[in-house]
DNA sequence: ACGTTAACTGAACATGCGTTCAAATCCTAG
DNA sequence: CTAGGATTTGAACGCATGTTCAGTTAACGT
């Protein structure tokens, strides 16, 4: 029978994923070796293969988990009419992304490190997330509360603007999370013509 | 005396830089080998070292040249009062970045592949470019024609929004460069409260 | 106390890396 | 035509890579 107590695998698995996450975010997937990941967890490289099929799967699972978590967290947000929905999306995005800088960084810098099949799967998840905002913008435009010339472009522009927060925000800095949310909400709101 | 005609070095140097640019943008610095760069130009790996001290310098020079070109092109733009200056900056940024997707991609994805000294130099150039926009926003805010709560954040938000165009724009696509410029100008303008 | 098995080590494999350099090749100047 | 320098080759260097696997270790259920 399998060991149910004291087994290291319940602990080692997450520790490996966390070390990989940190190192991939810091140095990039291609620049990180399996030996470095193993070393960060106090293992030999061979031991990693009890937890992942190969290096590529390790990256893919990190990205898939992140995108999955993002989408389910988003699904738990309440629905609302366009203006409130936009505010909800903006605040959710800022909060979620600020809390997970490493996952966000990887999910979007290491797309090119995925093989074709894995890339397609992550890309689909990303598109699903973008569709959330695009839907809000389209509904708002139709209702006449937003002014967007091109919903697709506006979607990508707003997401790019919001995600940019991760390039500079550091907790304990000059601005609180609340203040950052407010600033971005005001800019996003005005950008799509919602007075 | 040095050969003045028919010398390959005048041709080979640029060809190496262009191949490195393409490959670095496509696969990432760490994932590209000197042999692959040489192969793309029809050379053996050793020949590259007539043109660059090492792989790191090759990357640094690509990035430094790009940032230098960006800053001098920007310096050639006419000055204007805040609103027109903002429009000028937005259109310039969109135009310049759409024309050089590979340079832009590298200059901002491969910062972490630079050693400490090279990183500091590129970072300084990037900051100088950001200061251009920040100055415009501050002047406009002071003059009461813009409404920005935090000039630094607004600067980074607008630049992130504009640079995001490179993730989706493809020439020959649905929108012309002119239309893209217009859309982003309208969004940026409203985002900073310039009616 | 014992046998079972999950967890891990440590060495090995083939391959690729960045870089160096003597030798070969090519082209120009005279 | 030849001398000489610019340019490139091709092999070699030491080291790192991802992955495999027989063997060791240690904790569990019985």
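Protein chains in written order, with the working numbering: chain A, 79 to 273; chain B, 79 to 273. Just so it is clear, CB atoms sit at the ideal spot from N, CA and C, and this is done for glycine as well.
Proximity winner among the options, relative to residue i (alpha-carbon distances)
i: residue 138 (chain A); options: A:198, A:225, A:115 and A:155; result: A:198
i: residue 38 (chain A); options: A:240, A:271 and A:155; result: Outside the shown range of chain A (79 to 273) lies residue 38 (chain A), about which nothing can therefore be said.
i: residue 263 (chain B); options: B:163, B:94 and B:103; result: B:163
i: residue 209 (chain A); options: A:225, A:182, A:244 and A:167; result: A:167
i: residue 160 (chain B); options: B:129, B:225 and B:171; result: B:225
i: residue 218 (chain A); options: A:175, A:267 and A:146; result: A:267
i: residue 132 (chain A); options: A:94, A:204 and A:177; result: A:94
i: residue 207 (chain A); options: A:171, A:193 and A:229; result: A:171
i: residue 146 (chain A); options: A:123, A:174, A:88 and A:214; result: A:174
i: residue 103 (chain A); options: A:91, A:87 and A:179; result: A:179
i: residue 188 (chain A); options: A:105, A:89 and A:251; result: A:105
i: residue 117 (chain A); options: A:108, A:130 and A:101; result: A:101
i: residue 249 (chain A); options: A:192, A:176, A:87 and A:107; result: A:176
i: residue 121 (chain B); options: B:155, B:98, B:253 and B:252; result: B:98
i: residue 204 (chain A); options: A:228, A:234 and A:155; result: A:234
i: residue 157 (chain B); options: B:245, B:89, B:251 and B:213; result: B:213
i: residue 91 (chain A); options: A:195, A:245, A:115 and A:246; result: A:115
i: residue 211 (chain B); options: B:107, B:232 and B:191; result: B:232
i: residue 227 (chain B); options: A:215, A:153, A:246 and A:258; result: A:258
i: residue 245 (chain B); options: A:254, A:253, A:127 and A:190; result: A:190
Run of the alpha helix (DSSP H) containing residue i, from where it starts to where it stops
i: residue 203 (chain B); result: 194 to 220
i: residue 169 (chain A); result: 160 to 177
i: residue 191 (chain B); result: It is not in any alpha helix (DSSP H) - residue 191 (chain B) carries neither H nor E in the DSSP assignment.
i: residue 264 (chain A); result: 255 to 269
i: residue 224 (chain B); result: Taken as a continuous stretch (DSSP letters only), residue 224 (chain B) belongs to no alpha helix (DSSP H), as it is neither H nor E.
i: residue 117 (chain B); result: 112 to 119
i: residue 92 (chain A); result: 87 to 105
i: residue 243 (chain B); result: Unbroken run through residue 243 (chain B): none, as it is neither H nor E.
i: residue 131 (chain A); result: Segment: none, residue 131 (chain A) is in no alpha helix (DSSP H) and carries neither H nor E.
Any non-hydrogen atom of the ligand MN closer than 7 Å to residue i Cβ
i: residue 267 (chain A); result: Only the bare structure without any ligand can be found here, which leaves the ligand MN out of the picture.
**OP:** Mind checking the segment 226 to 244 of chain A against chain B and listing, in chain order, the residues whose C-beta falls within less than 9 Å of any C-beta there?
**Re:** Listed in sequence order: 226, 227, 228, 230, 231, 232, 234, 235, 236, 237, 238, 239, 240, 241, 242 and 243.
Original post:
Are the segment 140 to 152 of chain B and the segment 196 to 215 of chain B in contact at 8 Å, needing three or more beta carbon pairs?
Top reply: Taking a contact to require three or more Cβ pairs closer than 8 Å, the segment 140 to 152 of chain B and the segment 196 to 215 of chain B qualify as touching.
**OP:** Could you list the residues in the segment 161 to 177 of chain B with a C-beta less than 7 Å from some C-beta on chain A, going in chain order?
**Re:** Taking 7 Å as the Cβ-Cβ cut-off, the segment 161 to 177 of chain B has no residue approaching chain A.
Subject >> Chain-ordered residues of the segment 140 to 158 of chain A with a beta carbon less than 7 Å from chain B >> reply: For the segment 140 to 158 of chain A, which is checked against every Cβ of chain B, not one residue is closer than 7 Å.
Original post:
Going along the chain, which residues of the segment 197 to 215 of chain B sit with their C-beta nearer than 9 Å to a C-beta in chain A?
Top reply: Residues: none.
Original post:
What residues from the segment 179 to 192 of chain B come within 8 Å of chain A, judged by C-beta to C-beta, listed N to C?
Top reply: Per Cβ criterion, the list reads 187, 190 and 191.
**OP:** Identify each residue in the segment 88 to 113 of chain A for which the Cβ-Cβ distance to at least one residue of chain B is less than 7 Å, and report them in chain order.
**Re:** Within the segment 88 to 113 of chain A, the residues whose Cβ lies closer than 7 Å to any Cβ of chain B are, in chain order, 105, 106, 108 and 109.
Original post:
Counting pairs of beta carbons, one from the segment 232 to 243 of chain B and one from the segment 232 to 244 of chain A, are three or more of them closer than 8 Å?
Top reply: Contact holds between the segment 232 to 243 of chain B and the segment 232 to 244 of chain A, because three or more Cβ pairs, one in each stretch, are under 8 Å apart.
Original post:
Using a Cβ cut-off of 9 Å, which residues of the segment 120 to 135 of chain A contact any Cβ in chain B, in chain order?
Top reply: Close to chain B, meaning a Cβ-Cβ distance shorter than 9 Å, is no residue of the segment 120 to 135 of chain A at all.
Original post:
Taking any Cβ of chain A, which residues in the segment 260 to 271 of chain B have a Cβ under 8 Å from it, in chain order?
Top reply: Answer in chain order: 260, 261, 262, 264, 265, 266, 268, 269, 270 and 271.
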